[in-house]
Structures are given as structure tokens and as C-alpha cells.
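Enquirer:
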Amino acid sequence: MSSAENVLTTKKKPSAFKNFMKYLTRDKYLYLLLLPGIVALFIFNYIPMYGVVIAFKEYNIFAGISKSPWVGFLQFERLFRNPDFSQVIVNTLLISTYKLIWGFPAPIILALLLNELRNKHFKKTAQTILYLPHFISWVIFAGLIVTFLNPTTGVVNDIIVRLGGRKVDFLASKSMFRSILVITDIYKGVGWGTIVYLSAISGVDPTLYEAATVDGASRFRQVWHITLPAIRSVVVVLLILNLSNILNAGFDQVFLLYNPLVYEVGDIIDTYVYRKGLVDSNYSLASAAGLFKNGIAMILIVTTNSIVKRLGEEGLW
Amino acid sequence: MAGSHIKRTIGERIFDVFNVILMIVLMLLMLYPFWHIIMYSFSEVHLAMKGGLFLWFRGFTLETYKTILRNPTVASGFKVSVIVTVVGTLYATFFTATTAYPLSKKRLKGRGFFSFYVLFTMLFNGGMIPTYLLVKNLGLIDNILAHILPGAIGAWNIFIMRNFFAGIPESLEESARIDGASDLLIFFKIIIPLSKAVLATIGLFVAVGYWNNYFSTILYINSRDLWSLQAVLREIITSTEEAMKRQGITVTHAQTITSQSVISANIVIATVPILIVYPFCQKYFIKGVMVGSVKG
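Protein sequences, first through last, are from chains Y and B.
FYI, numbering that gives the first Met the number 0 numbers position 296 of the first sequence as 295, with every residue one higher than the one before it.
FYI, numbering that gives the first Met the number 0 numbers position 158 of the second sequence as 157, with every residue one higher than the one before it.
(1) Below 9 Å on C-beta distance, what does Y/A229 contact in chain B?
(2) Whole-angstrom Cβ separation of Y/L138 and B/Y213, contact assumed at under 8 Å?
(3) B/W55 by DSSP, collapsed to three states: which one?
(4) Considering Y/R161, what are the terminal residues of the alpha helix (DSSP H) in which it resides?
(5) Does the CB of B/I128 have a neighbour CB from chain Y at under 7 Å?
(6) For Y/V222 and Y/Y196, which I take to be in contact (beta-carbon distance under 8 Å), what is that distance rounded to the nearest angstrom?
(7) How is Y/W137 classed by DSSP in three states: helix, strand or coil?
(8) Runs of 4 residues minimum, wholly inside the stretch 57-121 of chain B: which ones carry the alpha helix (DSSP H) assignment?
(9) Do Y/A62 and B/I128 have their beta-carbon atoms positioned less than 7 Å apart in this structure?
(10) B/G179 versus chain Y: which residues are under 7 Å apart at the beta carbon?
(11) Measuring only the C-alpha atoms, how far is Y/S283 from B/L118?
(12) For Y/F176, decide whether its Cβ has a neighbour in chain B, counting only Cβ atoms nearer than 7 Å.
(13) Of the residues that make up the stretch 20-31 of chain Y, which ones have a beta carbon closer than 9 Å to any beta carbon in chain B?
(14) From B/F56 to Y/N149, what does the alpha carbon distance come to, in whole angstroms?
(15) Give me the chain Y residues within the contact set of B/S263, using Cβ-Cβ distance strictly less than 8 Å, ordered along the chain.
(16) Compile a chain-ordered list of the residues in the stretch 64-86 of chain B whose CB is closer than 8 Å to at least one CB of chain Y.
(17) Within 7 Å of any Cβ in chain Y, is that where the Cβ of B/T60 sits?
(18) Classify B/H45 as buried or exposed, calling it buried when 16 or more other Cβ atoms lie within 10 Å of its own Cβ.
(19) Does the beta carbon of B/G138 sit closer than 7 Å to a beta carbon anywhere in chain Y?
(20) Whose Cβ in chain D lies nearer than 8 Å to the Cβ of B/F113?
(21) Are any of the Cβ atoms in chain Y nearer than 7 Å to that of B/P272?
(22) Which first and last residues belong to the alpha helix (DSSP H) in which Y/L40 is found?
(23) Name the chain B residues whose beta carbon is nearer than 7 Å to that of Y/A15?
(24) May I have the straight-line CA-CA distance separating B/I67 from B/S258, to the nearest angstrom?
(25) To the nearest angstrom, how far is the alpha carbon of Y/D184 from that of Y/V52?
(26) Residues in the stretch 279-296 of chain Y with C-beta within 9 Å of chain B's C-beta atoms, listed in sequence order?
(27) Tell me the start and end of each unbroken alpha helix (DSSP H) in the stretch 196-242 of chain B that is at least 4 residues and wholly inside, in chain order.
(28) With which residues is Y/K66 paired in a DSSP beta bridge?
(29) Just confirm the distance between the C-beta atoms of Y/V264 and Y/R177, as a whole number of angstroms; I'd bet it's less than 8 Å.
(30) Where does Y/K123 sit, in a helix, a strand or coil, going by DSSP?
(31) Against chain Y, which members of the stretch 6-20 of chain B pass a CB distance test of less than 9 Å?
(32) Could you work out which residue in Y/Y271, Y/L238, Y/N241 is closest to Y/D251 when comparing CA atoms only?
(33) Confirm, please, whether the CB-CB distance from Y/P35 to B/L133 is below 7 Å.
(34) So with CB distances below 7 Å, who are the chain Y contacts of B/V117?
(35) Excluding the 5 residues flanking Y/Y58 on each side, which residues of the same chain have their C-beta closer than 6 Å to its C-beta?
(36) Can you tell me the Cα-Cα spacing of Y/L237 and Y/V307, whole angstroms?
Below is the structure:
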């Protein structure tokens, strides 16, 4: 603490500095424990936040971040004048909106169905198996998808042919690509998605169900009046997270499944950033695209959170 | 479930039957791809090539596996991934815990500030390119630490752990404190042993993240000795013929080992470690995960 600040603080509150030192001494080990995490976050999260300034510069590898010349909003102008980028934004929004519409209710419904299973062992087994795809990497999963949708040897085409249809090259088809993304995303995530709802449901007082049964409420009515209200706040929190993630259409999945034939419908902001930045080494333009995405994401999460709180629900913070 | 002893209506019974059937169908749907791949990878190549449903292997051969395991890229990828996963998981889980514990203490001065400091990393991030430039400037290109350090400590995991620690009754620490134990001693001797569920859960999440990571290789690693298994696998899947040539699988081999068999066997090899660890950690999930508010 500088001496000037010291004087100011001591004037207002004579014991503030002493107080501070007292807490620092008393909780020195707590601060010590906290330190590595704070440093790690500073290096790997806060320094890249500063690095974002290259979106307003013309980055030169030899000059480095701080010495590259400022160019204002030039990179953003370039970005938005490029018709590819508007297509990329449209793709991103379409893919993540479809994923939200189909993928958000799916785990809620599955959790309610799992909760209605009467045999505990069967329920446990079902949960174990349904969670599994979440733990499989997107690389392996993409390998499975490629194998199953293979135009000559794939199982899906085999079934289509047996049913009298014609073989389809799914991953090269512009009309199919987005649907494949949505379906495989739900397949991979639906089981794991139930876990938060199930843990919320497990917190419900069982006497509520007993009382409802005594009163003659059907199981459907019990779900409607007891189970659903119990998971409402979890639904809201996850909806905030999902809405603020609307520009995240799933980098790994797209990156591992797309190919030049479907760029037109499948290229999303993150894959665009990757290609512009790391393949073409156009760091400033790619950072501008990334900043556009992350800036909007931040505005969205702050806004949705405050709306939700105003509606009387518990927000994210 | 409550009320199960009470007579069920016909509608409810029909629903129960329907529900069980639906779940069985879903389970089969989730398991079948893995079964298919396992059967495919053990099948004789020329029989496997005909395609179709693989409910059982056709012929039985270990030839595909032998070829893959002889391949130095797969072997070194496996080694790199094991090292990264073990070291990374210990590092990330430990320091996530040390960060979360002080944040769970109401008496800590500046707790609000530090919580916000952590929360803000969830709200905004620099993105792929600035992170890449940072790692480059740190001199971590072609360094195994580039697989481990970036993103090891994350806000979400910190908050899950903090909420867990906050739920441990203060009285458990009180008696130790009266005996003169420091916060450090309390953390290691009392808090850590009480937190196995959350440590196992976060540990598993982190481990799976490391094991499944292919992108740090694409971003930061040029030297093939330091490629992770998933990155090797990705190359095999995305550019099979080219990759097979680069892997030194010659054309004469390629006649006996089709690309699809190679993909299948590689998938099995990369998935087995997860299938082994998964059941042990599974029981901790519900106990450990308390997703909800991140406020302090």
C-alpha cells in the first residue's frame, strides 16, 4: 500500500490498515491456499483477455501484441464486409437454436421418465448406460458417426437399402448436415443432461407424494404439481446458460465432422476463427471474430441473469 | 418410490410397461455403437468389409490390433495421454480444491472480490487466438505442459467444490482449531478426507477432459512424439488413407487391414480406459455434483 493511500485510509478509519493486517495474519494460510489458483487464472484467463486488444490492431508476429499498430475497428469492418462471415453467423444461430429447441427439453423429459421407474436397480443401470456417451470424446464419437453413416459400408445405409431405399452420403449432404449435428448432439448429451434434474428431484420431500397419493392425485398430477415445480429453478438456470451460449454451436463436433462440401451450412464462428487464425495466420481478424462472439455471449449472460432475477427466480449469481 | 404399494390404475400400469420398454430401447441404442465397433475390430477384414449389422464378430482375428500396437504413433500417443491425464488430474484437482476452500469461508476478507475474480472468467474469455499467442509467448509450444496448464483450473469446478466445502459443518473444524491446528492443517487433515465425493467427481471430469483432449495438440504441438492419443486417432479417422501411409502402414498391409477396421480398433483402444474408470467414479456423481447457484 502506498503512503498516500495509507494516509487517506488512516484519516477515515484509524484502524483500517491495522485491521487489514490483522486479517492477513489471522487468515494467512487461507490466502496462501488461494494464491496458486488466483495466479493460474490470471495467467491463463486474464492475460488472454488483454490479448484481445489485437482485434483492434494489425498483428505483426515480430512486433508482438503491444507494439503492433492500432487500426481501430478495421478488422470488424473487414469481417462484416465478408459474405462468408454473415453465412457463418447464420449457421451458428441456426445450429444452436435447433439444438436448443430439441436438445433442451429432451433431458427434462428423460429425467421425469427415469424418475418414474419403480425398480431401483433397473433405474441405476439405465442411468449408468445413458450417462456413458457423455464421457466418450468427440473424436471417438465422430469416428462412430463416420463409421455408421459411411456411404458404402455404414449400418444406416445398410438398413436404408434393406428397406428399399437408396444409399445417402450423409456427411457430404448440405440438407442433412445440420440435422446430423442436432441428432448426434442430443444422443451424446441427453443422458448426462438428466443428472442435474434428477438431483433436484431427489431433494423433494417424499411425504409430499404420500400426501398427494392419499388425496387421490394421479401420478401425472403428482409430476405436474410436485416434481415439475421442484426442478423449475434448475430449468431456469440451465436455460440462462444455454441462451447465453447461443453463439456456441459446438466447436468440437463441427470441427471433427465437417468438410469443404458442407462448409456452406456447417461452418460456425469457432471453426471460422480457427481457420482464419491458425490456418491462415490472420490473428487479428480471427481475434475480432472471437471477440464479437465472446462479447455478445457476455452481454447475453448478464442480461438473461438479471431478467431471471427480476422474475423472482434464483439467478446464476 | 413413495406410494408404490398402493393399487395402480390400469393407465398407470400401461405407462409403467411403456416406460420400461422405452428405457430398454434407449439403453440398447446407447450401447449398440460400441458393441458394433468392438465386433468390427475383431472381425476378419474381408468379412467385415461387407458391412451391415455386427451383432457378433465374423471370423476372429487380432491382426488389426497387432498392427495398431506395433505402430509407434499410437503407442507414443497412448503414453503421452496417460502422463498428461495423471499429472494434469492431480494438478488441476488439487489446486481447484485449494482455491475453492478459502472461498467457502465467510470470514475471509476480500472473499467477494475473489469470488467475482473467479466468476468473471466464466463470463468472458479472450478466445482461441489470444490464448494461443499466450502459450506461444510462454514458450510452451512443443512442450507437454501445453496439454496440461491452459484451462486446468476452471471457475465451474471451483464453484462446485466451494459449494461442497461450504456445506461441511463449521463445528468439525472448531475443535481442531481450539487444539491449535492451523487452517493449512485443517484443510489437509479434516476437509480433504471429508470431501472424497466431490474430489472424485471433479477428478473424473478433469481426467476425462484430459484423456479426451485432442485440440491442445492441434494448437500447440508440432512434434509427433508429443501428440495425444486422441489427436492421433483424429488423424486416422479424418484422413484415413493418407494417415495410414504416414503411419507407415504400407499398401500391402492396407489390403488386409481396411481403414474401417483400423478406425474401429483405435476407437476401442481409446475408449477402454474410460470404461474401466467410469464405474468406480459413477457412484459419486449425484453426491458430488451440486449444480446451482454460484453466488457466495
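Cβ atoms here follow ideal geometry from the backbone N, Cα and C, with glycine treated the same way.
Expert: So, from the listed chains and residues:
(1) To locate residue 229 of chain Y, count along the first sequence from 1; it is residue 230. In chain order: nothing, as chain B lies at least about 13 Å away.
(2) One-based indexing of the first sequence puts residue 138 of chain Y at position 139. One-based indexing of the second sequence puts residue 213 of chain B at position 214. Looking at the sequence itself, residue 138 of chain Y is Val, so the reference to Leu does not match. Indeed, because the Cβ distance is near 5 Å, the residues count as touching under 8 Å.
(3) As a position in the second sequence, residue 55 of chain B is number 56, starting the count at 1. Reduced to three states, the DSSP call for B/W55 is coil.
(4) For this step, residue 161 of chain Y is matched to residue 162 along the first sequence. Counting along the chain, the alpha helix (DSSP H) containing Y/R161 begins and ends at 154-161.
(5) As a position in the second sequence, residue 128 of chain B is number 129, starting the count at 1. Yes - at least one Cβ of chain Y is within 7 Å of the one on B/I128.
(6) Here residue 222 of chain Y refers to the residue found at position 223 of the first sequence. Here residue 196 of chain Y refers to the residue found at position 197 of the first sequence. In fact, because the Cβ distance is near 12 Å, the residues do not count as touching under 8 Å.
(7) Numbered from 1 along the first sequence, position 138 holds the residue referred to as residue 137 of chain Y. Here Y/W137 sits in helix by DSSP.
(8) 62-69, 71-102
(9) Your numbering for residue 128 of chain B matches position 129 in the second sequence. Your numbering for residue 62 of chain Y matches position 63 in the first sequence. No. Outside cutoff.
(10) Taking the second sequence and counting its residues from 1, the one referred to as residue 179 of chain B is at position 180. Correct list: empty, because the minimum Cβ distance to chain Y is about 13 Å.
(11) Mapped onto the first sequence, residue 283 of chain Y falls at position 284. Mapped onto the second sequence, residue 118 of chain B falls at position 119. So the alpha carbons of these two residues sit roughly 27 Å apart.
(12) Here residue 176 of chain Y refers to the residue found at position 177 when the first sequence is read from its first residue. Not an interface residue.
(13) Y22, L23, R25, D26, K27, Y28, L29, Y30, L31
(14) In the second sequence, residue 56 of chain B corresponds to position 57, counting from 1. In the first sequence, residue 149 of chain Y corresponds to position 150, counting from 1. Whole-angstrom Cα-Cα distance: 19 Å.
(15) Here the question's residue 263 of chain B lines up with position 264 in the second sequence. Simply T146.
(16) none
(17) Counting from one through the second sequence, the residue named residue 60 of chain B turns up at place 61. No, no contact with chain Y.
(18) Here residue 45 of chain B refers to the residue found at position 46 when the second sequence is read from its first residue. It is exposed - the Cβ of B/H45 has fewer than 16 other Cβ atoms within 10 Å.
(19) Numbered from its first residue, the second sequence carries residue 138 of chain B at position 139. No, B/G138 does not count as interfacial toward chain Y.
(20) Among the protein chains of the structure shown, namely Y and B, there is no chain D.
(21) Locating residue 272 of chain B in the second sequence gives position 273, counting from the first residue. Closer than 7 Å: no.
(22) Translated into positions along the first sequence, residue 40 of chain Y becomes position 41. Looking at the DSSP string, the run of the alpha helix (DSSP H) that includes Y/L40 is 27-40.
(23) Reading the first sequence from its first residue, position 16 is the one you call residue 15 of chain Y. Within chain B, no residue comes near Y/A15; the closest Cβ sits about 11 Å away, beyond 7 Å.
(24) For the purposes of this step, residue 67 of chain B is taken as residue 68 along the second sequence, with counting starting at 1. For the purposes of this step, residue 258 of chain B is taken as residue 259 along the second sequence, with counting starting at 1. Approximately 11 Å between the Cα atoms of the pair.
(25) As a first step, residue 184 of chain Y is located in the first sequence; it is residue number 185 there, counting from the start. As a first step, residue 52 of chain Y is located in the first sequence; it is residue number 53 there, counting from the start. If you take the alpha carbons of Y/D184 and Y/V52, they lie about 34 Å apart.
(26) Y282, S283, A285, S286, A288, G289, L290, K292, N293, G294, A296
(27) 214-219, 228-237
(28) The sequence position of residue 66 of chain Y within the first sequence is 67, counting from 1. Paired residues: none, contrary to the question.
(29) Walking along the first sequence from the start, residue 264 of chain Y turns up at place 265. Walking along the first sequence from the start, residue 177 of chain Y turns up at place 178. Contact holds; Cβ gap of about 6 Å.
(30) Translated into the one-based positions of the first sequence, residue 123 of chain Y becomes position 124. Reduced to three states, the DSSP call for Y/K123 is helix.
(31) R7, T8, G10, E11, F14, D15, N18, V19
(32) Along the first sequence, one-based indexing puts residue 251 of chain Y at 252. For Y/D251, the nearest C-alpha among the options comes from Y/Y271.
(33) Sequence index remark: in the second sequence, residue 133 of chain B carries index 134 (1-based). Sequence index remark: in the first sequence, residue 35 of chain Y carries index 36 (1-based). The answer is no: Cβ separation not under 7 Å.
(34) Counted from its first residue, the second sequence places residue 117 of chain B at position 118. Ordered by position in chain Y, the residues that pass the 7 Å Cβ test against B/V117 are L40.
(35) Against the first sequence, residue 58 of chain Y aligns to sequence position 59. Within the same chain, Y/Y58 has close Cβ partners S67, Y282, S283.
(36) Numbered from its first residue, the first sequence carries residue 237 of chain Y at position 238. Numbered from its first residue, the first sequence carries residue 307 of chain Y at position 308. Cα-Cα distance, rounded: 11 Å.
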